[in-house]
Each structure stands twice: as structure tokens, then as C-alpha cells.
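Participant: As they're listed, the protein sequences go chains A and B.
In my numbering, each residue's number is its place in the first sequence (first place is 1) plus 642.
In my numbering, each residue's number is its place in the second sequence (first place is 1) plus 19.
In this text, a Cβ means the ideal position worked out from N, Cα and C, and glycines have one as well.
Please read through the structure below; I'll follow up with questions.
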Amino acid sequence: MARKKENNILHDHNGDGIDRRGFLECMAWAGTGAFCIMQGGVLKSFSMSRIAELDTKKMAGELSFVQISDSHMGFNKPANPDVAGTLKAAVDKINGLATPPEFMLHTGDISHLSKPEQFDTVDQILKGASAKDVFYVPGEHDVLDDDGKQFLERYGKGTKGAGWYSFDKKGVHFIGLVNVLNLKAGGLGTLGHEQLEWMEDDVEHLTSSTPIVVFAHIPLWSVYPEWGWGTEDSAQALAYLKKFGSVTVLNGHIHQTMQKVEGNVTFHTAMSTAFPQPQPGKADSPGPMKVPADQLRSVLGITDVNYVRGQQALAVVDSTLG
Amino acid sequence: MAGLATAVIVALGLLLTGSSNVAANAPQPTITEVKIDNFSFTPATLTVAAGTTVTWTNRDDIPHTVVSADDPKAFKSKVMDTDEKFSYTFTTAGTFTYFCSVHPKMTGTVVVK
């Protein structure tokens, strides 16, 4: 970790160990956890070791929720033969948070093979979390062979189309998007015309001061198109959000934390609770990355998000399982 | 003597036939297997004679599919977990492109002569 930090931090202006000009700040800290706060369009990052110096009252905020992702229940290969065990560890981590989250977002790949018993196991394990409500969007592993029919039956009550929806919590507007269906040969994730039209209507009536959280499985920014890590028509979705002062985009799929800030939009990807994947281009393929068993939990984790009303700030904290 | 000359000519003929037909539909041994490994199809382009059954085998730790890119789809596998196989018999000549519907960056082609 120390070596990686040296390599990635080029401009440490504030002595916090993070180069805020780069886009991969939080990645440098993937193994140790990082705290990132958006204020007035500027990303401020702190290593976990300096969190004690921050004002915890400000951090607590008025709305706290947790993002988990890529449980891949049913995966049993050497990269992690016990994905149920690490999901339980994630639940323990959530239950131990200083500010109990009000609900959870699951950004997809709940199951590994879309099998009913895999969804059942995840449902059962997540019942152990202090936060009872879970809002889901599907990953490509959740819609295998049936174009998402089973996912819709299980998790899609009250949703539109293939399972997209929005809801409000304490003044924050949440939008759950589906970008894992109708994928075309050679292409990336896809939202599609119908969903984009719905989204345009959905945000039209909102005032520009409404904080927006968008969550979807495949990143809504171009992380690494060579591995399919991006969404064909995400630019159109983001265009509808231009008027808003605070937009936070939460994704999964790539099994590692990454962060990027573009104007009023903060993009963030979460760790998996099942297995890590290599950094873009650092392996022959994006397949599961094997790490020594005693290091596995240091590359899996959860994402804790806090909203502070009036501060236009959503604090995004990644923490590893071990 | 005449017998030896014929044998040499036949051998030479085989050599020439062999060298010019490496990628074409030589009667045997024809490759009819496509491996799925490291998120790619190998060989990426496979040429077979009409009537050949092609079998794909998933060697990855991650599930994949084999889905025709044509509309309507000429063929479509169920999801294949590790070591699972899918076979399809190509009865008509043509160029058939396909992809993994889970990881659409993965594409391949079967040319049927």
C-alpha cells in the first residue's frame, strides 16, 4: 500500500496524502479506506487515519445510508470460496457504523447466476442488517437467461420499465437506473430511450437545489471501455442533471473504489462484498483477482454515505471488511 | 521406378494442398471448438464447412453466453458457468457474428463455407 501511495500522489497540496487533481485518489486508498467529502464542487479527501481530526457532527448529517454491491452469491471459485461469509461480514460492518444508516442501496450482481436460491440467501443475510429497507438495481448477473423477469418479480414492485424508479428521502432525490439489459455486440452498458425519457420527466419538476443521487450497476462514466466499464448513453442521462448543484453517482460492477469529479457531479464506484477485480488494464481480463486469503477482506467493503442539509455535501466513505 | 515417382508426386501434392488450405475447410482435422478464456473467444474467427457442429467451452471463473449478433438471432446459448459447453450446428453458408450478452465486448465470428 505504501508503495502504491507513493506512485499515485503527485500533488499533495493540503498535506492530506491525496492528490486532488488526479481522478484515482480514492483508489490509492482502496486497501485502507478513504473519506471523501464534496463541498462547493471541490472534493476533499482524507485518509481514514485522519478521520478523528474531522468534525464528526458535520459528518453525521441528516441522512445516512449505505451502498453495498456485487455480492455474487453462488460464486465459489478460489478468489473467494465463501461469498456468504464476506456478505455477513459486510452486514456486521454496517451494524457497527457510528451513524446507523436508514437504508441500503444494492447496486447489483446480487447473485452470480440469477438462481432463486442465490437471491434467497442474500435476502436472508441482509435481514440481519440494522437498516431494513434495501433498494436494488440489477447487475448483468441478476438478469441471465430471462431478461430480468425474475429480478422484476422479486425487487421491482412499483418500478417502471425494466425496473427503474426514483424516491425521496429527507430532501434528497434518489434515481435507480437499469443499464444491464439489451446489451449490443461490442457495446457497453445501455440505458435505452424509454428509460432516458422517463428520467427527463422525473427530474423536470425538481428545484436545482435538490441533491440528486443516481445509482446503477455499470459505471455511468467511462472507466475503461476496453473492458466494457462504461455506459453507452450515460452522457444523455447526465445532461438531464446539469441544472442541479449536487449530483452523486454511485455504481458497482468493477469491484474496486474509484472516484471522479466533473463539475457538480461526483462519480463513485463501490467495492464488491465477494471478490476484487484488477485495476483497468492491469491484467489480461477483468476476471476475479486472487489475493492471499488473509488479505481478501482488505479488498472487499461497503460504502457509507452521509448527507448534510444546507452544505451541499454528500460524504462518501469506503470501508473495507478487514 | 514409376511407382516411386507417383508416390513422390502424391506426397508433393498433399504438401501443396496442406499448405494452401491451412485456414480453409480441409476435411480433417477441422477445428470445431471455441474456447472462452480470459473474457475472449479463441479462435476469434473460426471457418468450418456447412453441417459442422461448433462447441464453445467456458474456461473462465465467470459465466458467459454465446449469442448471435444477427436479427433475428441465429443461435443463443443459456448462460454457461465454468466448464459448461454450448454447441450449435451451422447448416447454411455465411458469416455469423456472435457475442457474450453478459460481456458484450467479447465478440467472435464463425465463417461457414
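Would you say Ser876 of chain A lies against chain B (beta-carbon separation less than 9 Å)?
Facilitator: no
Participant: Mind checking which residues open and close the alpha helix (DSSP H) that includes Met841 of chain A?
Facilitator: Under the DSSP assignment, Met841 of chain A falls in the alpha helix (DSSP H) whose first and last residues are His835 to Glu846.
Participant: Quick check on Ala45 of chain B - is its C-beta less than 9 Å from some C-beta in chain A?
Facilitator: Only weak support is given to the placement of Ala45 of chain B: the predicted model assigns it a pLDDT of 48, under 50, and the value that follows is read from those uncertain coordinates. For Ala45 of chain B, the answer is no, since every Cβ of chain A falls outside 9 Å of its Cβ.
Participant: With 16 as the cutoff for other CB atoms within 10 Å, does Ser756 of chain A come out buried or exposed?
Facilitator: buried
Participant: Expressed to the nearest angstrom, what Euclidean distance is found between the alpha-carbon atoms of Val86 of chain B and Gly829 of chain A?
Facilitator: 14 Å
Participant: With 16 other CB atoms within 10 Å as the buried threshold, where does Gly894 of chain A fall?
Facilitator: buried
Participant: In its own chain, which residues sit with a C-beta less than 7 Å from the C-beta of Thr51 of chain B, not counting the 5 before and 5 after it?
Facilitator: Val67, Thr71, Thr72, Val73 and Thr74
Participant: When the distance is taken between beta carbons, is Met913 of chain A closer than 9 Å to Leu942 of chain A?
Facilitator: yes
Participant: Which whole-angstrom value describes the C-beta separation of Gly738 of chain A and Val779 of chain A, a residue pair presumed to lie in contact below a C-beta threshold of 8 Å?
Facilitator: With a Cβ gap of about 26 Å, Gly738 of chain A and Val779 of chain A do not count as contacting.
Participant: Just the chain A side, please: which residues come within less than 7 Å of Val98 of chain B by C-beta, in chain order?
Facilitator: Leu755, Leu786 and Asp787
Participant: Would you report the Cα separation of Phe58 of chain B and Val776 of chain A, rounded to the nearest angstrom?
Facilitator: 32 Å
Participant: Beta carbon of Leu880 of chain A, beta carbon of Thr911 of chain A: below 9 Å?
Facilitator: no
Participant: Closer than 8 Å by beta-carbon distance: list the chain B residues that pair up with Trp869 of chain A, in chain order.
Facilitator: Phe58 and Lys124
Participant: Leaving aside the five residues before and after Trp840 of chain A along the sequence, list all residues of the same chain whose C-beta is less than 8 Å from its C-beta, in chain order.
Facilitator: These residues qualify, in order along the chain: Lys802, Gly803 and Trp806.
Participant: Between Gly887 of chain A and chain B, is there a C-beta pair that is closer than 9 Å?
Facilitator: no
Participant: By alpha-carbon positions, which one of B:Ile55, B:Lys97 and B:Val98 ends up nearest to Asn77 of chain B?
Facilitator: B:Ile55
Participant: What are the residues in the segment 65-93 of chain B lying within 7 Å of chain A by C-beta distance?
Facilitator: Asp79, Asp80, Ile81, Pro82 and Ala88
Participant: Could you list which residues in chain B have their beta carbon closer than 7 Å to that of Ala827 of chain A, in chain order?
Facilitator: Ala88, Thr116, Phe118, Pro123 and Thr126
Participant: Spell out the partners DSSP gives Ser808 of chain A in its beta bridges.
Facilitator: A:Ile817
Participant: Quick check: what's the CA-CA separation for Gln878 of chain A versus Gly790 of chain A?
Facilitator: 23 Å
Participant: Could you tell me the distance, in whole angstroms, from the CA atom of Leu792 of chain A to the CA atom of Val785 of chain A?
Facilitator: Per the sequence presented here, residue 792 of chain A reads as Gln, with Leu not at that position. When rounded, the distance between both Cα atoms is 7 Å.
Participant: Within the 9 Å Cβ cut-off, does Ile927 of chain A reach chain B?
Facilitator: Correcting the residue type first, residue 927 of chain A is Ser in the shown sequence and not Ile. With 9 Å as the cut-off, Ser927 of chain A counts as an interface residue toward chain B.
Participant: Please report whether the beta-carbon of Thr101 of chain B lies at a distance below 9 Å from any beta-carbon of chain A.
Facilitator: yes
Participant: I'd like to know whether the C-beta atoms of Gly887 of chain A and Gly831 of chain A end up nearer to each other than 9 Å.
Facilitator: no
Participant: By the 10 Å Cβ neighbour count, where 16 or more other Cβ atoms means buried, how is Pro742 of chain A classified, buried or exposed?
Facilitator: Here Pro742 of chain A is exposed. Its C-beta has fewer than 16 other C-beta atoms within 10 Å.
Participant: Please classify Gly905 of chain A as buried or exposed, where buried requires at least 16 neighbouring CB atoms within 10 angstroms.
Facilitator: exposed
Participant: Per DSSP, which residues does Tyr778 of chain A bridge with? Please list them.
Facilitator: Its beta-bridge partners are A:His748.
Participant: Closest to Asp788 of chain A by C-alpha separation, out of B:Val98, B:Pro123, B:Thr126 and B:Lys132, would be which residue?
Facilitator: B:Val98
Participant: Under the three-state reduction of DSSP, which class applies to Leu938 of chain A: helix, strand or coil?
Facilitator: helix
Participant: Distance cutoff 9 Å, beta carbons only. Does Leu606 of chain A sit that close to anything in chain B?
Facilitator: Chain A is shown only over 643 to 964; residue 606 of chain A falls outside these bounds and no answer can be derived.
Participant: Can you have a look at Thr728 of chain A and say buried or exposed, based on whether 16 or more other CB atoms are within 10 angstroms of its CB?
Facilitator: Thr728 of chain A counts as buried, since at least 16 other C-beta atoms from the protein chains shown sit within 10 angstroms of its C-beta.
Participant: By the 10 Å Cβ neighbour count, where 16 or more other Cβ atoms means buried, how is Thr110 of chain B classified, buried or exposed?
Facilitator: exposed
Participant: Please list, in chain order, the chain B residues whose beta carbon lies closer than 7 Å to that of Glu782 of chain A.
Facilitator: Val121
Participant: Along chain B, which residues have their Cβ under 8 Å away from the Cβ of Pro930 of chain A?
Facilitator: Asp80 and Ile81
Participant: Quick one, which of A:Tyr866, A:Glu704 and A:Ile767 has its alpha-carbon nearest Pro1006 of chain A's?
Facilitator: Here chain A covers residues 643 to 964 and nothing more, so residue 1006 of chain A does not appear.
Participant: If Ala916 of chain A and His783 of chain A are in contact, beta carbons under 8 Å, what's the gap, nearest whole angstrom?
Facilitator: Rounded, the Cβ-Cβ distance is 10 Å, inconsistent with contact.
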